[in-house]
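Which chain is which? The protein sequence lines are C and L, in order. Everything in the first sequence is counted per full-length UniProt numbering, starting at 1 for the first residue and increasing by one. Everything in the second sequence is counted per full-length UniProt numbering, starting at 1 for the first residue and increasing by one. We put the CB at the ideal spot given by N, CA and C, even for glycine. To start, the structure under review is shown below, and the notes come after it.
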Amino acid sequence: MRSKITLMLASLMMLCVNFSFGQEKTISGNVTDQNGLPLPGVAVVIVGTTTGTQTDFDGNYTISASEGQVLRFSYLGQRTVDRTVGASDVLNVQMQEDAEALEEVVVVGYGNQEEKKIIQNVGIVKQEAIENLQVVSADQLLQGQSAGTQIVNSSGVLGAAAVIRVRGVNSINSGSQPLIVIDGVPITDTAGNTLNQGGNTGINPLSYVNPNDIESLTVLKDAGATSIYGARGANGVILITTKRGRKGEKTTVTLDVNTQFTQSTDVPDILTADEFRQFKSEVATIQNGATVTPEDLGLGAIGSGGTDWLSGVQRTGVSQNYNLGVRGGSEKTSFFFGLDYQDREGFIIGNDQQRAGARINIDTQVTDWLKAGMNLGITNNRLNRIGVENNINAPFTTAFLQSPVVPAFDDDGNFVQSGSFIPNIFARVALDTRELKTFRVIGNAFTEVTPFPGFTWRSEFGMDKLTLEEFVRNADFNSPGGAAQQIFVNEDRWLTNQTLNYANTFNDDHNLTVLVGLNYEETLRTRSNVASTGFLTDDLRNLGSGSTPTVLNGDRFPSRYYGLFSRVSYDYKGKYLVEGSVRRDGSSRFGANNRFGYFWSAAAGWIISEESFLEDVSFLDYLSLRASIGTVGNDRLGTFPSLGLFNAGPIGDYNGQSGVVPDQPENPDLKWEESETLDIGIKSTWLNGRINFNASYFKKTTSDLLLNQTLPPLTGFVSISRNIGELENTGLEFELSTINVSSENFEWRTSFNLTTIDNKVTRLNEDAATDAQGRRIIDGPIQRAIEGEPLNNFFLIRYVGVNPQTGDAEWLDVDGNITTNPGSADRVVTGSPIPDFSGGMTNTFKIFDFDLSVLMNYSYGNDVVIDGLRFADGNDAIGGIVNIRRQNLNFWRQPGDNAFLPSPTSSTFNLFNQRSTQQQLDASYLRVKNVTLGYSLPEKALERLGNIFSGVRFYATATNLFTIKADEMDGIDPEVTDDIDPLFQGESFFTAPQAQTYSFGARLTF
Amino acid sequence: MKTIKVLALILGLGVFISCEDQLNVVPEDNVASNTVFGSLATINGAAVGVYSLNQSGDLNGNPQLMGDFMADDVNFVGSFPSLQEIDQFETLATNASIDNIWFDGYQLIGAANNVIVNLPEVSVDDVTGLTEATKAQLVAECKFLRALTYFTMVNVFAQPFQFSGGSNLGVPIVTQPFAGGDITEFQLERSTVNEVHAFIEQDLLDAIAVLPEDNGVRAEAGSARALLARLYLYREQFNDAANFANQVITSGEYSLVDNYNSFYNDGETSAENIFVAVNTPSDGPQEETGSDEVYVTFYNPAPGGRGDAPFSADLLADFGFAVGDTITDDRRFDDLSQPATDAGGNATFFTLKYPDVVNNASNGPILRITEMYLIRAEANLRGGLSVGPNTPLADINLLRTRAGLPDLLSVDLDGILTERRKELCFEGHRRMDLLRNNRNLRPGGGAVSAPGANKVIFPIVDNEIVNNPNITQNPGNF
């Protein structure tokens, strides 16, 4: 920041009229960088005057100066050079790169700060950490990279959204995903814009950014960092900065091409057709006391064939990625162009994606007091969607459940009906269309005016325009008469940010920065959702050809947002730092009584290593302590949560007459959800940068929780939006990075992070539901939040196992006694989807021209509930027509058997698979997330190629290479979640597993 | 240059002004609650909305289907564990399928209460076109729908009248709409079955007094009389039952229609029908969040439906069906069934009463004239009465003649119930017909399916239990 200000000041001085003094002569010269290349745009100023100039494109300058005056040469990223004018008229300067200066600027909310002097708690993921990662979407760049940021991929299905949590769950019903800001534009969540395909995670909003365009990511964590985002900061903020050119930089072109092979990580072991027949007849024989053959059960004879559905829905997906980046700059203008094309195939049939993206980022210094620029990213995406989770159209789920004796094709190779509601999934995927097309433009244009020294007024106008079309066409075979549905959504946001920044240094020691700003946003979501049925033939594709068109939705949701904010930072000698910020936010979403909210933060830091008493401690490079406290808010709860509303449309209409039905009870007092965060941290660097260690502690209290309070059903409403209760998250974060070995030809670096989070519901509303002990609760089918306990608890009947003597399945009743007939009153807290600790570790090695990086992530102490096991285990689910896991073959036959399944004659045989901890599994894991091996051609080889390329790198990447997990998770991915809603974390029906990918590619730079 | 800078600064400052007024944004696709009673159109809309809620598959669909699963008309080939629990008399309070019966029931009751309580307060002087007669009629229609819903709920969540003369617990009686205030007023105790029945009776009597004899597809006087006849039959008030059934039959508004297929699905205007839940392709039983269709989905075989609820062997036998047959002599089977495989892959038969698999929009049957003949016959027989022109035998033979069957020479209660079953199967009557006549729900069924057994009724749903400290759960291990 400081160097930037210097630069601005320098430019400012240049424009002012200079008054000359005696013996003035014209000095000229050439400025080069450490490699002897000309440096354009270097500011050349006569110290003590306002006279100055800039070097031209060839690094040349001329200036009028007198002997004895001092010329100061300054340039971003280079050490400033002072030279006294002597007798000579020529003054050439070679500048040296200032490594510290290059690294030190970090993007924070509405500005940049020197990394060294940051007293906000931010997680920084720099370019070097991500440039060699081959990922599909930007959220994966963050995975395992930053303490306090937990990312759970919902599945390996293309386009699936990840659950992103910054410092745990801070809200109950209100959204818990962080605010994502791309180059200053907060992007809209796209959840709810697309059709539910089973599961509740929607389409990944980050799939609209090309990960190759990203320069760095900053995760704002404490209130000191987030309160400048006011009512939207409670879940943390992720700032994404895309690549920009540098002025005077030689233009480089980077071309990256790779091919990727995708398969599933792990799938459950289920029965073959004959095993299924054998199992069913054996069970029936025992139950009937007389031999029952598979034919008696209508399953066909042993050996009469069947279908391996699970293999049939999987494939090895082959994907191609092409990425082109061009960056460079002239004296005044710098640019970055990015082009990106992906043609991806998922490992599940029917799932593929084509994405094309383009980006233009331009900065230009119009005059010495005016800078202007533009960032524009365009993405065009076509995704063939598949069902997931609890959805009969989900290939993975249905392949799992479909009976293996059901044939998929007749003798002529035509699809046959499965005969049950579980469809012939091959036919569904092959004949039906589920296409999602999106076009999204995210960008902004800005001007930066420096009217007076020290002042910068930045004016930004941004937009996020999403156009989405989803088209579903079910063939006559799958849906008699055929059916089509088409959804159009336009989600348009435009916004402006106006900020005025003042930075100055007084008496050399007092540094002051003041920021005031305004943020105004308008969002309008428009949707039309139209369906049609009754098609003569499948070749008549579109809505108009059906006999019965229906409008399902046609609506618009406007919302507006207006914030004023300010931040003041002050430090004394760069040693003692304080910072405060305040924001006032207004939102159209809130009731007239509580339209505005005020948020604030205060932070202080002490850079101990700057103190004289530590000057001589050679092994310590940097040590600072910081603390912050402040508030942030959360406003994600629908568009009009406070109004009493009646709904119209088909829900209210009857027999062609228009009607309305009560939809939402009124609550004019509804207000922001507010979190107060205390954060204490230490940052340190030791042994000449060989060891970096950071640690922080936080306590975040969310009060006035925005909650869809469940109403007594007798009210006729399901819920009402109210501010109730209080939630507390406390945690510790550690980051350690070390350079273990550093020699000319071998380098080994390790970075490790770990986060612990404790979550507690400290208070619920007085009229909340209560449990048998009178504690206030929020109840769900699998989880229950209890006052005084963590928000997420699995609340289930405890399953014990099959009694080897009796062959009965046994559970515990609420008092802990064995029972064979448990009820819903026997449910207790049995586990948690929240890990005790989680994090990641990256090891990078450089050996000669090879580089290897190994990224691992881990999670410990969390459970998942795989609800689909209620179907996949036991004998009777869905009338016993579904396939089951192989361990079910181990059923109790005689006393002494340690069986998985109870005796077929036991009264518990059919109760076995009722919802209990039988479906709750230990989801701790350590996963090798990404391994990349690269080889860069050495300089000599490049020379031999005639210096066409400035760099050539070949690489191979494997993701999700292997996973260490509990035995009971065999065939089930531990990294699953069905729902983005905090109350349903760690629940899954049958999530498709993560994808395992192998990619091979090359990156050419020239 | 200075001028430009100043201009730019002023321009920028302009943005700071007047953003605050922009924050008043109103919904474009909802009606605010304080304006609903402001115009004749929205007042009528509020009543239409109650009919719309009555389309819900959880009020006209699931209770009937689940009753069939518990009773002996269908052979359960389940696709949901929650439905399987019901079929096996293992229902728990957390059962996800019964939840919505409770929710949607009280949602309709709340919407009806909104009209019944608030509309009489609206002055005809304040709303153009509103008359006292319109007010009274809309209130009466809402009372009919409220009574219908209470009746559906008390039948599934409480033991029938016969269990202890109606002194056992029924369901809570809510009479007020919720407007966002104190929720403790909605944490009510359960009233007894007798109290709920009395409340239903009063609503229906009020409705009869006001409703016109012909009101199109909306509730009319005959609808309320017919429902009241059913209530009295269930309460074994045979004289009242026979009288009200007779009034409906003799009103001249309804008659037995010869073509069976004509009064299901799109047959709302058929003379056979007294009151149905009308579903159309553009306005089906769906709720916003997804398909709420039950009849079409469950009673039809794949691929149009799920194939979960085929004819039971017992019902086929009553139709005179022997293995290998494809037709019987009974038109109610021949015209209204189709052979297909069920969800388990077994060859069997499915009903054709809900054939609209393309749009999932078959009508929900609620009251039709046949039932009035059956009520009159049963009430006359069991009460030793002779209300109306026909003997019980004559009433039953009327229905048999229409079905193409020869006349019976005599009829007893078994005969009436068999005829009733063949006439009304898959329309949600069978479970109550067995329970109120003290018969086991399953042929040769054991204690779990016997009248009065704990799980022949549903538990009060878990959501009510945890959100209402004053509620009492049904006995049994729920």
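Would residue i count as contacting chain L if we go by Cβ distances under 7 angstroms?
i: Q197(C); result: no
i: R428(C); result: no
i: I881(C); result: yes
i: A769(C); result: yes
i: N542(C); result: no
i: R556(C); result: yes
i: P480(C); result: yes
i: E24(C); result: no
i: F912(C); result: no
i: V31(C); result: no
i: residue 1053(C); result: Look at the range of chain C in this structure, 1 to 1006, and you will see that residue 1053(C) is not part of it.
i: T710(C); result: yes
Ignore the nearest five residues each way along the sequence and tell me which others in residue i's own chain have a CB closer than 6 angstroms to its CB.
i: I777(C); result: A769, D771, R784 and I786
i: L678(C); result: I629 and K699
i: G652(C); result: G659, V660 and V661
i: Q353(C); result: L158, R344 and L383
i: N194(L); result: G166
Where do the ends of the beta strand (DSSP E) carrying residue i lie?
i: I164(C); result: A162 to V166
i: I629(C); result: L620 to N634
i: L736(C); result: E726 to S742
i: P63(L); result: P63(L) -> not in any beta strand (DSSP E); alpha helix (DSSP H) instead, spanning N62 to M70.
For residue i, go through chain C and note every residue whose CB falls closer than 9 angstroms to its CB, in chain order.
i: D462(L); result: D779, P781 and S824
Quick one: does residue i have its CB under 7 angstroms from some CB of chain C?
i: S291(L); result: With a pLDDT of 48 at S291(L), under the threshold of 50, the modelled position of this residue cannot be trusted, and the question is left open.
i: I183(L); result: yes
i: S282(L); result: yes
i: L188(L); result: yes
i: N468(L); result: yes
i: F298(L); result: no
i: V174(L); result: yes
Taking C-alpha atoms, which residue in the options lies nearest to residue i?
i: L670(C); options: G597(C), T50(C) and A603(C); result: G597(C)
i: T932(C); options: Q887(C), T917(C), W892(C) and T997(C); result: T997(C)
List the residues of chain L whose Cβ lies closer than 8 angstroms to the Cβ of residue i, in chain order.
i: L645(C); result: P27, N30, V31, A32 and S33
i: Y799(C); result: Near Y799(C) there are no residues of chain L at all, since even the closest Cβ is about 15 angstroms away, more than 8 angstroms.
Run down chain C in chain order and give the residues with a C-beta less than 8 angstroms from the C-beta of residue i.
i: Y106(L); result: P713, L714, T715 and G716
i: V139(L); result: Per Cβ cutoff of 8 angstroms: no residues; V139(L) is ~16 angstroms from chain C at best.
Looking at the unbroken alpha helix (DSSP H) that takes in residue i, where does it start and where does it end?
i: A209(L); result: V193 to V210
i: A223(C); result: A223 to T226
i: S52(L); result: L40 to N54
i: I369(L); result: I369 to G383
Near residue i, what residues of its chain come up, given a Cβ to Cβ distance below 7 angstroms and the 5 sequence neighbours on each side ignored?
i: A475(C); result: L431, D432, G482 and D538
i: G111(C); result: N501 and L515
i: A277(L); result: N54, Q55, N60, N363, G364 and I366
Strictly below 7 angstroms CB to CB, what residues from chain L border residue i?
i: E491(C); result: The contacting residues do not exist; E491(C) stays about 15 angstroms from chain L at best.
i: T550(C); result: P281 and S282
Once you ignore the five residues that flank residue i on each side, which residues in its own chain have a CB closer than 8 angstroms to its CB?
i: D87(L); result: F69, M70, F76 and G78
Name the chain C residues that come within less than 7 angstroms of residue i, Cβ to Cβ?
i: T94(L); result: P781 and S824
i: R306(L); result: F421
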